[in-house]
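S.K.: Input: one structure, supplied below.
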Amino acid sequence: MSDRLLDITVGQFLDQLASGTPTPGGGSVAALTGAMAAGLITMVCDLTIGKKQYADFEAEARTIRGRAEELRAELQQLAQADIDVFNQLSAVYRLPRTTEADAASRRAAIQTVIRQATEIPLRTGRAAVALLPLCAPLARHGNRTAVTDVAGAAILVRAAVPAALINVESNLAVIEEQIFVRAARAQAEDLLIGLDEEVEGVLSIARARLKG
Numbered sequence: 409m410s411d412r413l414l415d416i417t418v419g420q421f422l423d424q425l426a427s428g429t430p431t432p433g434g435g436s437v438a439a440l441t442g443a444m445a446a447g448l449i450t451m452v453c454d455l456t457i458g459k460k461q462y463a464d465f466e467a468e469a470r471t472i473r474g475r476a477e478e479l480r481a482e483l484q485q486l487a488q489a490d491i492d493v494f495n496q497l498s499a500v501y502r503l504p505r506t507t508e509a510d511a512a513s514r515r516a517a518i519q520t521v522i523r524q525a526t527e528i529p530l531r532t533g534r535a536a537v538a539l540l541p542l543c544a545p546l547a548r549h550g551n552r553t554a555v556t557d558v559a560g561a562a563i564l565v566r567a568a569v570p571a572a573l574i575n576v577e578s579n580l581a582v583i584e585e586q587i588f589v590r591a592a593r594a595q596a597e598d599l600l601i602g603l604d605e606e607v608e609g610v611l612s613i614a615r616a617r618l619k620g
């Protein structure tokens, strides 16, 4: 894919996603899913800030908004980073292996880049998970007319995290450095602990507010 991901239209992105090319792929989709969750959080904050009935929550809403925008920027960057590192990995797999020295150099290069390709979806998972603590207070105290959007953000986080981490799992299968493998696997497992429960907590708050 020659164009930068954030510079193309949604239609172009979907066409490229549905094409036979390997990028954009699941890692970029996971990051963009997280970025969309962040965007929904920001939107609800903007629908809350400046409204008299939510004045007591305005300072917190501004703080939540700032953090959501930080995470959105990071997740958008990670969507492109996933493409870039895949292209790097494809390039090192094409390195020559005619001689023993060539083969050793190629193997080392593959291991270096595949570690980078593992760190990117880990960062995606961490950034997406970091959105969840923003959702509960916003669902409870933010603009009631947009509470379903907060719920939607939480649901998107629940999709983004495992979608990112399946890429971690795939890469760890071919990484030789076992200290790195164990550390990355532990980080991935930690990101999933309590994820469903936290999302369900946000949904419960949203449903309660919908009932009045």
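409 is the number of the first residue of the sequence shown in our numbering; add one for each residue after it. Where a beta carbon is used, it is the ideal one built from N, C-alpha and C, also for glycine. Because the structure is a prediction, the values reported are computed rather than measured.
Less than 8 Å between C-beta atoms, sequence neighbours within five positions excluded: which residues of the same chain meet that for I457?
M.R.: On the sequence shown, position 49 is the one that residue 457 refers to. So the qualifying residues of the chain are E466, A469, R470 and R473.
S.K.: Where does S445 land, buried or exposed, given buried means 16+ other C-beta within 10 angstroms?
M.R.: Residue numbering aside, residue 445 sits at position 37 when the sequence shown is read from its first letter. Ser is not the amino acid found at residue 445; the sequence shown has Ala there. With 16 or more Cβ atoms within 10 Å of its Cβ, A445 is classed as buried.
S.K.: Suppose contacts are defined by Cβ-Cβ distances below 9 Å. Is V565 in contact with G442 by that definition?
M.R.: Residue mapping note: residue 565 aligns to position 157 of the sequence shown, counting from 1. Residue mapping note: residue 442 aligns to position 34 of the sequence shown, counting from 1. Yes, these two residues count as a Cβ contact at 9 Å.
S.K.: Do you know how far the Cα of R480 is from the Cα of C453?
M.R.: Numbered from 1 along the sequence shown, position 45 holds the residue referred to as residue 453. Numbered from 1 along the sequence shown, position 72 holds the residue referred to as residue 480. For C453 and R480, the distance between alpha carbons rounds to 14 Å.
S.K.: Taking I416 as the reference, which of E482, G602, T507 and Q488 has the closest Cα?
M.R.: Residue 416 sits at position 8 when you count from the first residue of the sequence shown. Closest by alpha carbon: Q488.
S.K.: Out of I613, P529 and Q496, which has the shortest C-alpha to C-alpha gap to I371?
M.R.: The structure shown does not extend to residue 371, since the chain is modelled only from 409 through 620, so no value can be given for it.
S.K.: Helix, strand or coil for S410, going by three-state DSSP, please let me know.
M.R.: Position 2 of the sequence shown, counted from the first residue, corresponds to residue 410. A caution first: S410 carries a pLDDT of 47, below 50, which makes its placement in the model unreliable, though a value can still be read off. DSSP places S410 in coil when its eight states are reduced to three.
S.K.: Have a look at Q420 and L483 and give me their C-alpha separation to the nearest angstrom.
M.R.: Walking along the sequence shown from the start, residue 420 turns up at place 12. Walking along the sequence shown from the start, residue 483 turns up at place 75. Their Cα atoms are separated by approximately 19 Å.
S.K.: Got a sec, what are the start and stop residues for the alpha helix (DSSP H) P529 sits in?
M.R.: Here the question's residue 529 lines up with position 121 in the sequence shown. Where P529 is concerned, the enclosing alpha helix (DSSP H) stretches over E508 to V537.
S.K.: Hey, could you find the ends of the alpha helix (DSSP H) S612 is sitting in?
M.R.: Locating residue 612 in the sequence shown gives position 204, where the first residue counts as 1. It spans L603 to L618 - the alpha helix (DSSP H) in which S612 sits, taken as one unbroken run.
S.K.: Answer with buried or exposed for A509, where buried requires no fewer than 16 other C-beta atoms within 10 angstroms of its C-beta.
M.R.: Numbered from its first residue, the sequence shown carries residue 509 at position 101. By the neighbour-count rule (16 or more Cβ atoms within 10 Å), A509 is not buried but exposed.
S.K.: Hey, would you say the C-beta of I574 is under 8 Å away from at least one heavy atom of the ligand ADP?
M.R.: Looking at this structure, you won't find the ligand ADP or any other ligand, since it has none at all.
S.K.: Note down the Cα distance separating I613 from D411, rounded to an integer number of angstroms.
M.R.: Within the sequence shown, numbered from 1, the residue matching residue 613 stands at position 205. Within the sequence shown, numbered from 1, the residue matching residue 411 stands at position 3. Cα to Cα, I613 sits roughly 41 Å from D411.
S.K.: Are V569 and L603 closer than 9 Å when you measure CB to CB?
M.R.: In the sequence shown, residue 569 corresponds to position 161, counting from 1. In the sequence shown, residue 603 corresponds to position 195, counting from 1. Closer than 9 Å, so yes.
S.K.: Could you check whether R514 and F588 sit closer than 9 Å to each other, using their CB atoms as the reference points?
M.R.: Translated into the one-based positions of the sequence shown, residue 588 becomes position 180. Translated into the one-based positions of the sequence shown, residue 514 becomes position 106. Cβ atoms of F588 and R514: not closer than 9 Å.
S.K.: To which residues of the same chain is F494 closer than 6 Å at the C-beta, ignoring the five residues directly before and after it?
M.R.: Counted from its first residue, the sequence shown places residue 494 at position 86. Cβ neighbours of F494 beyond the five flanking positions: T431.
S.K.: Please check the pair R505 and A511, which I expect to be a contact at CB under 8 Å, by giving their CB distance rounded to whole angstroms.
M.R.: Along the sequence shown, read from residue 1 onward, the residue named residue 505 stands at position 97. Along the sequence shown, read from residue 1 onward, the residue named residue 511 stands at position 103. With 8 Å as the limit, R505 and A511 qualify as a contact, their Cβ atoms being about 4 Å apart.
S.K.: Less than 9 Å between the C-beta atoms of G433 and I528, yes or no?
M.R.: Position 25 of the sequence shown, counted from the start, is the residue given in the question as residue 433. Position 120 of the sequence shown, counted from the start, is the residue given in the question as residue 528. Not closer than 9 Å, so no.
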